[in-house]
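What follows is a set of notes on a single structure, which appears directly below.
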Amino acid sequence: MSTDAIAWPSSESLSPPFVDRLHEWITTVDHKRLGIMYIVYALIFLVIGGIEATVMRIQLIRPLNDFVSPQVFNRMFTMHGTTMIFFVAMPLVFGFANYLLPLMLGARDMAFPRLNAFSFWLTAFGGLLLYFSVLGANGLYGAGNAPDVGWFAYAPLTSLAFSTGHSTDFWTLSLLVSGFGSIGTGVNIVATIISMRCPGMTLGKMPLFAWLNLVMGAMVLVVVSPLTAAQIMLMIDRYLGGHFFDTQAGGSAVIWMHFFWIFGHPEVYILVIPAFAVISEVVPVFSRKTMFGYPVMVGATVAIGFLSMSVWAHHMFTVGMSQMGNTFFVITTMAISVPTGIKIFNWLATMWGGKIIFKTPMLFAIGFLFQFLIAGLTGIMLAAAPWDWQLTASYFVVAHFHYVIVGAIIFALFGAFYYWYPKMSGKMYNETLGQWHFWLFLIGFHLTFDFMHIPGLLGMPRRIYTYEPGRGWEGWNLIVTIGVVFQALGVLVFIYNLLWSYFRGEAAGNDPWDAWTLEWSTSSPPPAYNFATMPTVRSRRPLWDLKHPEDPDWKYE
Amino acid sequence: MRTEKSTNLLAGETVRGVIVLLSLGSAAFGASAPPLSPTNIFAPNSTPADSIFNLSLFVLSVTAGIFVIVGGLLAYSVVKFRKRTNDDGREPPQVYGSNQVELAWTVIPVLIVVALFMATARVIATVQHPPMPDNAIEVVAIGHQYWWEYRYPGLKVVTANELHVPVSDPAHPTPTHIDLLSADTDHSFWVPRLAGKTDLIPNHPNSTWIDPHETGLYLGQCAQYCGTQHAKMLLRVYVQSQQDFDRWIQEQREPAHGSDAASRGQHIFETTACINCHAVAGTVADGRFGPDLTHLMSRDTIAAGAAPNNPENLKRWIQSPDTIKPGSLMPAMQLSDRDLGALTAYLETLR
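Sequences listed follow chains A and B, in order. Going by the numbering used here, the first sequence opens with residue 1, and the numbers climb by one from there. Going by the numbering used here, the second sequence opens with residue 1001, and the numbers climb by one from there.
Rendered as structure tokens:
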């Protein structure tokens, strides 16, 4: 018998079975797949966190509403905050960094691919652990399920005396586990940028995206550690008879605040610096100009990185620090507005004299600039410590940080989705749906978060499940809740667009934006090895040099 | 200093305009409260809140100016530099940067920051822990899960949830100095029209002060999440004329007046779990976990401001506290109707 008689189907023509494909994704160490997994994971949690926010907004739509009990409301804001910071924003910035950094640096993968996979799975299991509390936290006590101590979990509310059952344990362990994942990714990002750049790409010729992510990665290494340490101390308090935060035995509730905010404030910059990174790519390409003041942008970012670690106690102006302490944190906090302002001016200068193309990524970038400006200005109001004594812990501060996290960070990341979707999927997204998403979300955002400042000025504290009529808060709360409808519609359009374009979108080609960084020189989606031949660069915009041989960048840099 | 004053004035006018607009907006939504809200931080009536208000006007005017300039430039460049339909398809001139421009937009923000910092530091220095005159009223406020305990150590008065202080004439100030302690978790004392908030943290004593300029009721509430019923840990500050305040102190120092008609209720009170947590001066009841009830009927509200103090609400509060404040630490007492009536009758004698 001859084996020639049997016609084997070529392995190319058939898609492998589902189980095999799943196995490939789960065991992958490819930075692009891990990046996409981070992003998809974050999107799932974005929907969950959004539902939690919606529950809270329905409860607050009118005074003395009884849509949910106080216990459920308290769990909702704890889970919403924890989810959005640790399992939406962090995975999103890590996802984009993972996917894009090797492509922009002309490398074939991250420096430590296995560590990369390990970090992703730690983060992923951290999120699952947090939500397993809904089933597991009752323990033997029947003491309620999801954590209800707030996302910064001030001591001593987290001690066994006030938090029976296991809800706080799930919160602590989930942040501990995902914190190790974050540190792993921080190591990987720094190592990749330091050591994996292609020939010719000196530090001064990296895309700004890489510079900003380098600062972000370094900050993760420094500031996630105190959070992790604090979680371990909390567990020692809860189960091994420790007294770090046990105020009845001489422990200090204030120490927890310091540990949390020395993480918590730089964390804002860990999230917003990658957003700056996206804007620093999108604004030049859609204004058709090179980035204005590249060295100053790098310097300002490094300055923000250092300064951001000296401002944490501005979250603690009301805890009774000395005059000296308060004054110190006023000046450091106000000082950080200088490098931040410089960044806004440089983006403006990049647009100045350009030819601005209003595609969806640029719309989101302009939204970012406008909203980040306002968020920075309300930040200055909060930095003035005496005014902060009125504003902090009120809805004003809630509006302020949502302006930063949604108005700036999420807007920039939405821009990133549309900008790199063609590269990641190989398909072009639907521009009409993209613009619908932008306008719906913009209207919803401003209805919700512009008007949220006002009840704060009128004395409405955050984290209250209900309020009495006659405080002048009800009209504003109604508007705030109406805004949620528009935001939710916007996100639905966005997700529909991602799915629809993946199956029905037109082929995008390698370089749909006529852009200038290395990721646009390879195919869409890129092959597993990224580049067939190792690229060599002579300037910050290698593809500009290629497209304009008569006027290359390297003559001017 | 002089220029800053005038900026303050100018800003004051702008901000007052904004506030009027806001109040119109609020009126449209049917808010029935005075000026805009009884807890409006822009309606200060005490020195700390006043100082903060003046600082806020300065900061607001500076930030509003920055917003108009930078936001205007942004809007201008978006409109002016959009790609035109008749575009020639060529790339615009590539500009790599300019040291002079960078220097300018570094130095100007630095100067603005210095001005803001100086104004802020001055208010910190004047508002935080100034020396108190000898005639200042000393109060110790102790935060408990979902209610406030007030002690007047010099005046030998203990009460709960409704703070009484004398009005302070700016010519002859009689400020009230409040030590802030916590019995359990973190809380925060915030009466927006009187002062900014200060936290009550266990094992970490803090203090604040107020000198209200007008009599009346000032509202506020706990501003640091402290557990399930954080939302209904309301603050009520009654600012009284000196005479009224002195009379109130006199009344509060009296022991409870028993009456024969209520002796059955008193017996129930003293033989059930009530006295584990509540005190009534002059009787065996000396519990300290819950509010002192010696002069319960002198208070307008019960359950830390969650409900008006009337017989029906008292009964509801004793029998099923969860209908008023679910998750509060007051247990449902499960008394018979007859006992409940007798107990409420006793409580109503605690004037």
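The beta carbon of each residue, even a glycine, is placed where N, CA and C say it ideally should be. Please read all numbers here as calculations on a predicted model, not as lab measurements.
Residues that residue i contacts on chain B, provided the C-beta gap is smaller than 8 Å
i        : result
A:ILE304 : Under the 8 Å cutoff, chain B gives no residues; its nearest Cβ is about 13 Å from A:ILE304.
Neighbouring residues, chain B, relative to residue i (Cβ below 7 Å)
i        : result
A:ARG471 : ALA1033, SER1037, PRO1038, THR1039
A:PRO156 : THR1185, PRO1202
A:ALA335 : VAL1113
A:TYR465 : ALA1231
Buried or exposed by the 16-neighbour rule on C-beta atoms within 10 Å, applied to residue i
i         : result
A:MET534  : exposed
A:ALA161  : exposed
A:ILE51   : exposed
A:GLU550  : exposed
A:MET324  : exposed
B:ASP1322 : exposed
B:MET1118 : exposed
B:GLU1162 : buried
B:ALA1332 : exposed
A:PRO17   : exposed
B:ASP1184 : buried
A:TRP25   : exposed
B:ARG1338 : exposed
A:VAL19   : exposed
B:ALA1304 : buried
A:VAL272  : buried
Inter-residue CB distance, residue i and residue j (contact presumed, cutoff 8 Å)
i         : j        : result
A:ARG238  : A:SER159 : 7 Å
A:LEU212  : A:PHE276 : 5 Å
B:SER1037 : A:GLY472 : 3 Å
A:ALA253  : A:PRO156 : 6 Å
A:LEU214  : A:VAL190 : 6 Å
7 Å Cβ cut-off: residues of chain E touching residue i
i         : result
B:ASP1087 : No chain E appears in this structure, whose protein chains are A and B.
Under 8 Å from the C-beta of residue i: neighbouring residues of chain A
i         : result
B:ILE1052 : PRO386, TRP387, TRP389, GLN390
B:VAL1110 : VAL338
B:TRP1148 : What B:TRP1148 touches in chain A: nothing, since even the nearest Cβ is about 15 Å away.
For residue i: DSSP bridge partner residues
i         : result
A:PRO461  : A:SER394
B:GLY1216 : B:VAL1239
B:THR1198 : B:PHE1189
B:ILE1178 : B:VAL1139, B:THR1208
A:GLU474  : A:GLU474 is not bridged to any residue.
A:HIS548  : For A:HIS548, which the question treats as bridged, DSSP gives no partner whatsoever.
B:VAL1165 : B:VAL1239
Per-residue contacts from residue i into chain A (C-beta, under 9 Å)
i         : result
B:LYS1197 : THR318, TRP389, GLN390, THR392, ALA393, SER394, PRO461
B:HIS1204 : THR247, SER252, ALA253, VAL254, VAL319, GLY320
Spatial distance of residue i from residue j (CA atoms)
i         : j         : result
A:MET219  : A:PRO266  : 7 Å
A:SER167  : A:PHE77   : 14 Å
A:PRO455  : A:PHE396  : 7 Å
A:VAL570  : A:TRP544  : Residue 570 of chain A cannot be examined here, being either before or after the span of chain A that is shown, 1 to 557.
A:TYR529  : A:PHE345  : 38 Å
B:PHE1058 : A:ILE336  : 20 Å
B:LYS1156 : B:ARG1253 : 7 Å
A:PHE87   : A:GLY181  : 11 Å
A:MET196  : A:LEU128  : 33 Å
B:SER1298 : B:TRP1248 : 9 Å
A:GLU468  : A:THR54   : 21 Å
B:ILE1268 : B:LEU1343 : 6 Å
A:ASN74   : B:LYS1232 : 13 Å
A:ILE194  : A:MET110  : 11 Å
A:THR333  : A:ALA399  : 19 Å
A:ARG538  : A:GLY106  : 13 Å
B:SER1006 : A:GLY376  : Low per-residue confidence applies at B:SER1006: pLDDT is 42, beneath 50, and the placement is therefore not dependable, though the value from the model is reported in the following sentence. So the alpha carbons of these two residues sit roughly 25 Å apart.
A:HIS453  : A:PHE503  : 42 Å
B:SER1320 : A:ILE366  : 55 Å
B:LEU1116 : B:ALA1049 : 18 Å
A:GLY470  : B:GLN1128 : 31 Å
B:SER1336 : B:ALA1273 : 15 Å
B:VAL1020 : A:GLY165  : Note on B:VAL1020: pLDDT 48, under 50, position unreliable in the model; the coordinate value appears next. The alpha-carbon atoms of B:VAL1020 and A:GLY165 are separated by roughly 50 Å.
Closer than 9 Å at the beta carbon, the chain B residues around residue i
i        : result
A:GLN323 : ALA1121, ILE1124, ALA1125, GLN1128, HIS1129
A:TYR556 : GLN1094, TYR1096
Residues that residue i contacts on chain A, provided the C-beta gap is smaller than 7 Å
i         : result
B:GLY1327 : PRO70, GLN71
B:GLU1091 : ARG288
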